[in-house]
Every structure is written in structure tokens, then in C-alpha cells.
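> full-length UniProt numbering applies: residue 1 is where the sequence shown begins, and numbers increase by one.
The C-beta atom is built at its ideal place from N, Cα and C for all residues, glycine as well.
The structure presented is a predicted model; accordingly, all values stated were derived computationally and were not measured.
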Amino acid sequence: MVDFLAENNLCGQAILRIVSRGNAIIAELLRLSDFIPAVFRLKDRSDQQKYGDIICDFSYFKGPEYYEGKLEAKPELQDLDEEFRENNIEILSRFYLAFESVHKYIVDLNRYLDDLYEGVYIQQTLETVLLNEDGKQLLCEALYLYGVMLLVIDHKIEGEVRERMLVSYYRYSAARSSADSNLDDICKLLRSTGYSSQPGAKRPANYPESYFQRVPISATFISMVIGRLRSDDIYNQVISIYMGITVNLVEAWEPYKAAKTALNYTLDSANIKEQATRYAASMETLRPQVQQLLKEGFLREEIILDNIPKLLNCLRDCNVAIRWLMLHSAESAYDPNNKRLRQMKDQVLNDSKYNPKILFQLLLDTAQFEFTLKEMFKQMLTEKQIKWESYKKEGSERMTELAEVFSGVKPLTRVEKNENLQAWFREISKQIESLNYEDSTAAGRKTVQLIQALVEVQEFHQLESNLQVCQFLADTRKFLHQMIRTINIKEEVLITMQIVGDLSYAWQIIDSFTSIMQESIRVNPSMVTKLRATFLKLASALDLPLLRINQANSADLLSVSQFYSGELVAYVRKVLQIIPESMFTSLAKIIKLQIHDIMEVPTRLDKDKLKDYSQLGARYEVAKLTHDISIFTEGILMMKTTLVGIIKVDPKQLLEDGIRKELVKRVAYALHKGLIFNPKAKPSELMPKLKDMAATMDGFYRSFEYIQDYVSIYGLKIWQEEVSRIINYNVEQECNSFLRTKIQDWQSVYQSTHIPIPKYPPVDESATFIGRLCREILRITDPKVTCYIDQMNTWYDMRSHQEVTNNRLFSEIQGTLGTFGLNGLDRLLCFMIVKELQNFLTMLQKTILKDKAVVDVFKTMLGAVNPVQGIVANASKVYASAVAKSQKIWSAYLEAIMKVGQMQILRQQIANELNYSCKFDSKHLAAALENLNKSLLADIEAHYQDPSLPYPKEDNTLLYEITAYLEAAGIHNPLNKIYITTKRLPYFPIINFLFLIAQLPKLQYSKNQGMTCRKATDPVDWPPLVLGLLTLLKQFHSRYTQQFLALIGQFIRSIMEQCTSQKIPDMPSDVVGALMFLEDYVKYTKLSRKFRTIL
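(1) Quick check: the Cα distance between V1027 and Q720, rounded to an integer number of angstroms?
(2) Thinking C-beta only, is L937 closer than 8 Å to I962?
(3) Thinking C-alpha only, which one of Y96, Y979 and Y51 is nearest residue 1097?
(4) Would you call the segment 705-715 and the segment 626-634 in contact, with 3 or more CB pairs under 8 Å?
(5) Relative to the C-alpha of I521, which residue among M898, M639 and L546 is closest?
(6) Near L145, what residues of its chain come up, given a Cβ to Cβ distance below 6 Å and the 5 sequence neighbours on each side ignored?
(7) Say whether the segment 342-352 touches the segment 305-323, bearing in mind that this needs 3 or more beta-carbon pairs closer than 8 Å, one atom from each stretch.
(8) Exposed or buried, which one is I780 when buried takes at least 16 other CB atoms within 10 Å?
(9) Does H924 pass the burial test, meaning 16 or more other C-beta atoms within 10 Å, or should it be called exposed?
(10) Using 8 Å for Cβ pairs, my map puts Y788 next to P1024. What's the rounded Cβ distance?
(11) Please classify C56: does DSSP put it in a helix, a strand, or coil?
(12) Can you find a heavy atom of the ligand NAD that lies under 7 Å from the Cβ of P525?
(13) Any idea what DSSP makes of W253, helix, strand or coil?
(14) Kindly indicate which three-state DSSP category Y796 falls into: helix, strand or coil?
(15) So, are the CB atoms of residue 1159 and D543 less than 8 Å apart?
(16) Among H481, Q498, T476 and L568, which has the Cα closest to the Cα of T514?
(17) Taking C-beta to C-beta, are R228 and L130 nearer than 8 Å?
(18) Which term fits F298, buried or exposed, when burial requires 16 or more other beta carbons within 10 angstroms of its beta carbon?
(19) Within a Cβ cutoff of 7 Å, which residues of the same chain sit near N132, ignoring the five residues on either side of it in sequence?
(20) Distance, Cα to Cα, Y893 vs L841?
(21) Is the Cβ-Cβ distance between L1047 and V868 less than 8 Å?
(22) In chain order, what residues of the same chain lie with their CB nearer than 7 Å to the CB of F1044, ignoring the 5 residues before and after it?
(23) For Y714, which of K759, N88 and Q653 has the nearest alpha-carbon?
(24) Could you tell me which whole alpha helix (DSSP H) segments of length 4 or greater appear in the segment 536-609?
(25) Express the C-alpha separation of L126 and F221 in angstroms, rounding to a whole number.
(26) Please name the residue or residues paired with G1010 in a DSSP beta bridge.
(27) According to DSSP, what are the bridge partners of L643?
(28) Only counting the same chain, and skipping five residues up and downstream in sequence, which positions put a Cβ closer than 6 Å to that of V19?
(29) Helix, strand or coil, according to DSSP, for I713 in the structure here?
(30) Spatial neighbours of T476 within its chain, please: C-beta separation below 7 Å, excluding the five flanking residues on both sides.
(31) Figure out for me which residue from P974, Q1050 and S1069 has the closest Cα to the Cα of Q1004.
(32) For E765, report the span of its beta strand (DSSP E) as first-last.
(33) Decide if the segment 569-582 is in contact with the segment 681-697; the criterion is three or more beta carbon pairs, one per stretch, under 8 Å apart.
(34) Taking the alpha-carbon positions, what's the M832 to Q904 distance?
(35) Using only the alpha-carbon positions, how far apart do Y121 and A14 sit?
(36) Does residue 1136 come out as helix, strand or coil in the three-state DSSP assignment?
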């Protein structure tokens, strides 16, 4: 009969592929369960208020028109809905595909059962498949995996969350319009069951059988599968169903009468006591046994070969004891609200004298024993044939030599010639030579006979008298014995060890031993080498989900292997993180001693002061702590490079990643806590907090500098990479609030699974410390309360005239957060400017240009000023009238313009600081960037004059990349930046012109200070006003700027003409203001001074 799993057996291959797919689906569900968008849980009140109308459960299907109508009635809800779709459609699609694959799995299994029933597979029926050992196993697995899938979904992805995700997918995707969509069936299968994984939650009625019945499965098939399994005994009430998902049968089988009865004996108090006592006793006997076996040099090849059954029995007993005790003592297996389960757990713990440390020690020793035995056995298997052939050759040669001895020719001391013995030994030599390695059974039988013959020849021919002959015979017998031992080295022993040593049941509960592992490492870092064997033992759990995938040659093998291997490596990292944590604790003590206790030794030191500076106690403490750090480093490096699943774990890389992780955790926390500001504080806490933060960061930096040689890492490189990653990630998260399509953590180039950057809950409107810092700077330099003096680069309080802050603020930020911090602040200000300009244009289009009275003023004004080259008659009255009639719109306009101007000043200051520090710290980079920038601009200018000359193509990233470098080095002008794309706007030059002349009466000219505010109660700060207007105009076509400047020129000429005709000697203050605006405009835009004469 054809093997059921043979490639040409279609029936076997079909069910094998289904089972293989089942394992891959479970891996995908477990992988996705970590990426459920938190918003679908609607736990926060803010989420409920914001998204409550756009995230619906299955109640949506009762009246979709009602829900969609609510959205259509509110444009802001539609906008939010669209933004939500853009941000979540990718992850929703991934979840939907996983849900769909579960439904497709059960449909395919049902189709396979129908095919068996209808006789599609020749000579195969459900009965014949169940009679075959592989067939029975695969059919049971297929049904079992479907149950596991549904339970995993219900346990990891709550019912309400599933419903909300499916409804959102239905609304946002094109699937509902697709003819072959089975979305309805998927929704029916995965609607909420009412089950909750929260401790103490009540189990829903008829759960999980009603859940399993949602897609009907052949009752005949189920009863036949149960019939084949019914004879199996139940030894444990706590079992692992799949990759460490544990179930307590007492609770799970509660609603089922027959199942409960079957458990009665197992749950009998006397039986539990007997089992617990037995395993407690076996723990006591097994530990010394295993420790004896692990003693250096005890496990030798001959001992292993002679005691294979004994060693396997010891291994089996250890694993059985560990399995029973780990499962029956696991917290997750007992509901704390169930009195009966609590009592049962207490009885197990008391009767087994449960001690987690002793159990963990046995696990460690067993894993080490298993690993050593496996490695030695693998080595023996590899060398098996070579050794066997070597022993055969040695034995055959010994017999040939003995034959020659009895020929009488070879001069061996006093051995008489004996032709019979000569012939017999030659024959034995030939017999040994003829043994065939391939036919191990026959060779083994024949070897035993040859050993017997050699014993007999020694007795019958009285050869004992000749010691050399006896020695030859004894050696040959020894080689033949070795051949028998070697032929018995079979792969079945390794397979048995693999099955016996399975630790998949502990995939999740092993986490309860993490603290014990970490404590033992902290006390003795060399413990890592023992833990290596435990991690490898845990890696054997991967065989369970991968076996069928591998047998089916499925393409899912790599992704499933990567998922489980990644999970295990993450756990290894978690356990070993205690080493970097302990190192940083010691490091903090070292830095404290170096800064506060140990005095710095001067370059010249008087002999009599030597004792004062020696400080032996403090220096000894530093040396001791440094030695501890080195010991921790050695501990982790003792763990050789290990293949965990399919991922290679390099201990040096593991140490470096651990150090990075601890550094990131501590620096991120320090930045989060250190940069929280009280907006009511007078004066601002900004500078003191920046100074404190700089000292903290310097402490981290110095500690890293100190540690690098002792742990063999590149301290400066790691410091710069990780601090820049922390800052860039926080900038990215802060900028998310300005983006329609948010960058999720799993999409971020700065976030990492191995070295995660912590995410802290916001303490105010800002999401991160960089936002708080930026908003505090904007608060203290607010143009409503401060006055910026450009020549001094300083902000003064408008009322008290006291200095608020100056450009040293940016040097302080540079000292605290480095170049990346200033650069990040600059990027955030760019986003804020964009948002402000967008809001401003929305206000302009939806408020100002929709106000008919105001638009009429603009029309009248446009008629009055045309042609712009001329003079406006009765200028004062015309301008004053237009300003008065449009007065109501200017306050919001002024606020927006000033905010933009304020942020542009800050960007200029940041660029100055970056450029200064770049030239100071890296003059060659600064020079190279400046020259490259000039040459690129010259080439681009030349191209526009002559299009035949080269220009970077669209796919060339040179301009994009060089821009990033230039901005980081401060070699750019924020005033020349285009922040938004704009359309043509009517009356735009007129509006801006009227806005400017409406502000001029609020300002006065001072020879020393330039344009300043007349009244502190009506604040207008000149530099932000000029830069804000300049930035706004820069976003539009240059002809708008030309028209705007022409209007100012006309205003100056018209007013001066009127003054001349009326013989007013002094220049009006408004004209002075307008001239100052032109003066500053020319200065900031670097235009030629001839430009003003044209006006």
C-alpha cells in the first residue's frame, strides 16, 4: 500500500496541506494580535468622543443608512472618517485576510470530507483514512487546529474589537461590492461570542460549542475522530493545547456531564496528593542524579553507549516531573475567583513542596544534560561509519597478524607453527573483512558469533600461556565489541530525546521564571552558559507548528519560523537584559563617585598633598564597581553564538543591543521627566531645566565614555545613534498631530522591536518632550507679550522691558540635545508654520472672502488705487475709510501673521546656531557643503538659462539628500522656504496692503530700537509682523508680491504728495512705518536697493 504521506498520494497530500496551512494561520493570528490598533478598543474617553460615531460594531448592519447619514450630515466627521481610513486600511486589510483564511480553512476541510464521502480519492474513505496511523493523526490535527484558531481569536482579539474592525474594513474596502466576497460568512463566524479573557469574567452559555457550530462540520466525522481518541487516558487536569496556551480541564469541562465524570478520579484529592507527592519525591532523587551526570568528564562515549536506556529513562523522568509541576503550578491555569480551583492549586503546591527555584534548577540541569547528550550523540552519529570501518580494519589486521605468527615464518617469541590455527585466523580475518555496514542487523549477529569463536579458540587451544597471543585476541574482541556498540548508535535515540524533551507547553509559562533567571544571572553572570541550553530546549518547541508545514513543502515555512524564532529571541533578550541593567546601576554609582567624591588631580601636585588626593576608599569602590561591569560583560560573552530557531544570536551583538536598550530607556525617561514645564511659572523654568537636563545628559555621556573600553563597544557611536533615534522618533510622533496620514510605530524608521523607544502618556497638549520644549519657547517669546530686538537677538518683556531670553537659549538646547535636538525642533517648527498657514488660508477663503461687505471694500479700494503707478487723490481719507470698514477682520489676521513670523525668527536663530557649531566642530564638512550647494545652484541657474545643460532628473535624490544635510548644518534661509501649495486668490495684494497700513498706527519709530509698539495693551511686534507677511507672500506667485510692494510705494507717494500740498513739515508716522517695512523687506530678502527706487 502507498505511504499515506507520499507525494503521489493525493488524499494524504490534500489533508497535509490543510494542516500545514492551519499552523501558518495560527502563527499569523498570534503575530497580528500584537498590532491591534488601540483605538478599536475605545477604552479612553477621548477616543470614544472622537471616534464613537465612525467606529461601529455589528449593530451597523441593522441600519447602515442611519450611520452613513450621521457622517454625511457633518463635514468634519467625514473628514475624520477619511483620515481614519487612510491611517488604518493597511492593518485592517491584514486582519481581514487572516480572518478570511480561518473561514477558508474550515470550508476547505469540509470540502475534503465531502470528497472522501463522495469517493473522489480512489480506494480512500473516512474509515480507511482513520485506520491509517498518519491519516488518523492528520484528521485529528485538522479538526484540533480549527478549534485552536477560533479560541486564539477569541482570547487574543476581543469580540467587540473584531466586530469594529470587520465593520470598518467593510466600510473602507471595495470588498463589499465584489461578487465573490465571503465577508458575510466571515462576519457570521467571527461575531462576538461574549467571551472575555479578563480574570473572573463569566463564561457565556453554550461556550465554546455554539462558537464551533457557526460553520457546520460533519457530525459523522467528529464522532469518528472522538471514537478513535476515546481510549486515550487522562493523566493531567492542566494541559497545554498549542504553543503554551494552557487550559484547566476542571473549568473547561464544567458544563459537560460525561467529561466531568471522566475527570473525577483524576481530580480526587487522594489522587492529586499521590501524584504531587510522587513528583516531589522524583525531584529529590533526580536532581543529584543529573548533577552527577553533568560532572566534568563523566559523560564519555563508552558510558553513553553502554547506558543509552538508563540515560533516556533519567531524561524522561526529569522532563515528566518538570512538565507536571510547571503546568499544575502555573498561575494562568487557575481562575483566582474559582474556590475549587484555588483549593486544588494550594493542595498541589503543598503536597509537592513546590519551590520554583528548585524546579528551575532542575530545568537548567536537565536542559544542560539533554544538550550535552544530544551534541555527543550527533557527533557519534556523524563519525559512526568511519569508526566502525576503523574498528573492522583493526580487528581484521590483528587476525591476519596472528595467522602469520602461527605460520612459523614470523619470528615471534617461541610460537610453534600450527597450520590449522593459521588457516582459522585467516578465515576469521576474512569474516571480519566481509562484515557489511549497510546491513547492520546481520553484521551485528555475525559480530557476536565472531566474539564467541575467539573466546572458544583461546580456551580449546590453550593459548593463555602466550601473553602476546592473548593480547591480540583480547584487542580483537574489544574492537568487535566496539563495532557492536557503534552499530547500535541510531537516529531513533535522538528522535526519542526530541520527543521526551519537548518544552512547547512552557512557551508562555516560562515567563513566570524570568525573575529567578535574572536574579541568578545577577548573582553569577556565568549562569548565562547554562541558560543557553534552556533557551535551546525551548527552541525545540518550534518543531510542533513547523512539522506539517515542512512536510507539505509550504512557502509559509520561513515566515512561521521567523515569527516563533523572533518571539523566542525577544524572550532571550528580556532575560539577559538584567546584565545591561546591572551594568548601568554600577555605572551610576561610578559617575556619582567621580563627580561628587573623587577630586580631580591637578597637573602639578605638592608631595605633602598626595595623601589628600589619593582617596583610596573611593578609588577602591570605583575599581570594584568597574570589575563588576567587566564580570557581567564576560558572563554574556561566554554564551557562544547560538542558532535560536532560524535566528543566529551573537552574544556580542546581544550585549550591545542590551546596552543600547538600557541607554534608550534611561535617556528617554530623563528627557520625558526633565522637560515638563509649568506655564504659570514666573520667570520661565526653561533655562534652569535645560541646564539640569544638560548635566544629566553629560552624566550619561561621561559614563558611556568610561564604560566603552571595559565592555569593548564603540561608546560615542552608540551614544550618537541612540540619542538621535530618540529625538527623531519623538519629533516624528509630535509631527503626527499635524499629519493626516499618521506614522504608526510599526512603520517608523526610528522605532525598533529589539531596542524600543518608550512611549509616555502626554502630560499636556504636546505628545512628547520635544513638543513641550517647542511650545514653552513659543510661549515665552509670544509676540503679544514680548518685543524682539533683531540687532540684539533678544526678546524683552513688553511691559517691564526686562530681558526674557536671547540667542543663548539655542546654544543651551544644542548643549543639551545636540545637533539632532535643534534639527528636530526646526522640523517641528516647519510643521507648525505649515499648519498655521493652512488655517490662515482657510480663514481667508471661508470667512473674509465670503463677507460681502468686506469684499465690497476691497473692490472699491482696487478702483481707487488703479493705476498703481499714479497718485491716489485724497489719499488719507481713502486709506482711512478702507481700513475702518475692514477693521473687524484684522485681529485674527494679525495673530496668524505674527505666529508665523515668530516661528520664522526661531528658525533663523536655530539655523545660526547650527551653522556656528558646524563650522566650529566640523569646518571641513561646513566648507564642503557650502561649495557643493553653490555649485549645484550655479548649475541649476545655468540650466534655466540654457535648457540643453544638465539638470538632476526626477529619480535623482541628490537635491533631496543635500537639502537634509544643509538644513542640519544651518546652511539655509527659512524665509525662502515654500511651506504650502497655493491657488490664485482674488484681492490678495490689496488685503495684505490694507492689513499692513491698519497696523502702522499701533507702531512708532525709535532711532535706537527701530519700530516698536505704541501701547502694551494693543501689542504688535515689528519683526514677527514683517517676517510673517514676507513668508505669506513667498507662498504665492511673485507677481502678488510685486503688486503688494507697488501698493506700498503708491501709499508713500500719495501721502507725501498730500503732505506737500498741505505744507505739513513732518513726515507722517505711517509713511515712516511703510518705509521701514520696505527697508526691512529688502534686508531680509537680500534684494537690490535699486528695487525701492523703482517703487
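The structure says:
(1) One point to set straight first is that residue 1027 is Leu, not Val, in the sequence displayed. Cα-Cα distance, rounded: 35 Å.
(2) Result no, Cβ atoms of I962 and L937 do not sit closer than 8 Å.
(3) The question about residue 1097 has no answer, for the chain in this structure spans 1 to 1095.
(4) With a cut-off of 8 Å, the segment 626-634 and the segment 705-715 count as touching, because enough Cβ pairs lie within range.
(5) Comparing C-alpha distances from I521 to each of M898, M639 and L546 shows the shortest one belongs to M639.
(6) Excluding sequence neighbours, L145 sits near G22.
(7) No contact exists between the segment 342-352 and the segment 305-323.
(8) buried
(9) exposed
(10) 7 Å
(11) coil
(12) Inclusion of the ligand NAD in the displayed structure is not the case, the ligand content being empty and no account of it being possible.
(13) W253: coil per DSSP, three-state reduction.
(14) strand
(15) Only positions 1 to 1095 of the chain appear in the structure, and residue 1159 is not among them; the question remains open.
(16) L568
(17) yes
(18) F298 counts as exposed, since fewer than 16 other C-beta atoms from the protein chains shown sit within 10 angstroms of its C-beta.
(19) F4
(20) 10 Å
(21) yes
(22) P989, N992, F993 and L1033
(23) Q653
(24) 543-551, 557-576 and 578-592
(25) Cα to Cα, the separation comes out at about 8 Å.
(26) Residue pairing from DSSP places G1010 in a beta bridge opposite S1006.
(27) L643 is bridged to K648.
(28) L138, E141, A142 and R548
(29) coil
(30) G395, R398, M399 and L454
(31) Nearest C-alpha to Q1004: S1069.
(32) Careful: E765 lies outside any beta strand (DSSP E) and carries neither H nor E.
(33) no
(34) 10 Å
(35) 10 Å
(36) This structure cannot settle anything about residue 1136, because the visible part of the chain is limited to 1 through 1095.
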